[in-house]
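Just below is one structure, and these are the notes that go with it.
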Amino acid sequence: MASPNPKTKTIPLPGHFPNTTSDAQRVFDVLQLGGIAIIPTEIGYGLLASSVEAIERAFSAKRRRPGHAHGLIGSYELHHELHVLEPDRFEMTRVLTQDLDMGLGIVAPYKADHPILAKFTPKTLANVVKDDTIAMFVGGGSLLREICRLNYEAGQVMVGSSANLSGRGQKFLVEDIEEEIIEVADLIVDYGLQRYHVYGRASIVMDFGEMKVLRMGSCYELFRERMGRFWGVELPEDPVYKT
């Protein structure tokens, strides 16, 4: 399905500006057709897929090792429906991702009977579940929010990863994405340099069931300060970006 020429599958077109509403619809349409999209997020460019076949193609292009956990990408509403947490923990994730506009990788136990999981094959589901938990990235900017809203309303699952070969680091410009990743994409949304390029890191990942930091990602020092300020939760200090 992917076009061999990146220019023919890149939006916005020359002379046009980013439009999160129409661009999100284009991404959603590609995902519904079983395609793969590269999109901008505040933590760099991401690779999105929905169908089982597209998910397998995307991770094959990344040269991801077998058995590596896949992360879901979803709205706060899907997170609230799928994950199993105490009300105060959901209030934390709501305030952080909705009111404070932080993108977070949220890890928590999950409801095994949620219908969204029925869309996976046993093999793919085994790669989504790790230690009886599922990771879901929530937030990440206005474009991703709109894509997640469209997917949620359609009952469509979405798996994502950074748009780079495994182990090669986040890409904050489309021009820096490896050719193998560009080739596998059916649509590329190019909004230029992304917000947290100064960190050069992926997303924060936090286990909200165990209240344990799994990855100190971009703007972790903000996350740590807010967790302490609003909820009195003490987290490890970032060795680079101290507060």
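With full-length UniProt numbering, the residue at position 211 of the sequence shown is 211, and numbering never jumps.
Backbone N, C-alpha and C define an ideal beta-carbon position, used for all residues, glycine too.
- About 6 Å separates the beta carbons of Lys9 and Ile188, which is inside the 8 Å limit, making them a contact pair.
- A distance of 8 Å or more separates the beta carbons of Met136 and Phe208.
- In the structure shown, His79 adopts helical secondary structure according to DSSP, grouped into three states.
- Within its own chain, the residues whose Cβ lies closer than 7 Å to the Cβ of Val205, once the five positions on either side in sequence are excluded, are Gly105, Val107, Ala135, Leu214, Arg215 and Gly217, listed in chain order.
- Ser161 counts as buried, since no fewer than 16 other beta carbons sit within 10 angstroms of its beta carbon.
- Within the region 30 to 113, the runs of alpha helix (DSSP H) that reach at least 4 residues and sit entirely inside it are, in chain order, 52 to 61, 76 to 82 and 87 to 94.
- In chain order, Gly74, Ser75, Glu77 and Leu78 place their CB closer than 8 Å to the CB of Tyr152, counting only its own chain and leaving out the 5 sequence neighbours on each side.
- Distance from the CA atom of Arg26 to the CA atom of Leu173, rounded to whole angstroms, is 20 Å.
- For Gly160, the enclosing beta strand (DSSP E) starts and ends at Val159 to Ser162.
- With a 10 Å radius around the Cβ and a threshold of 16 neighbouring Cβ atoms, Arg63 comes out exposed.
- In this chain, the beta strand (DSSP E) harbouring Thr133 covers Thr133 to Val138.
- The shortest CA-to-CA distance from Glu146 to any of Pro14, Thr41 and Gly35 is the one to Thr41.
- Residue state for Val174 is assigned as helix, using DSSP reduced to three classes.
- Between Glu81 and the set Tyr241, Gly228, Gly155 and Ala185, the nearest pair of CA atoms involves Gly155.
- Per DSSP, the unbroken alpha helix (DSSP H) holding Val128 starts and ends at Pro122 to Val128.
- Tyr45 has its alpha-carbon roughly 24 Å from the corresponding atom of Phe120.
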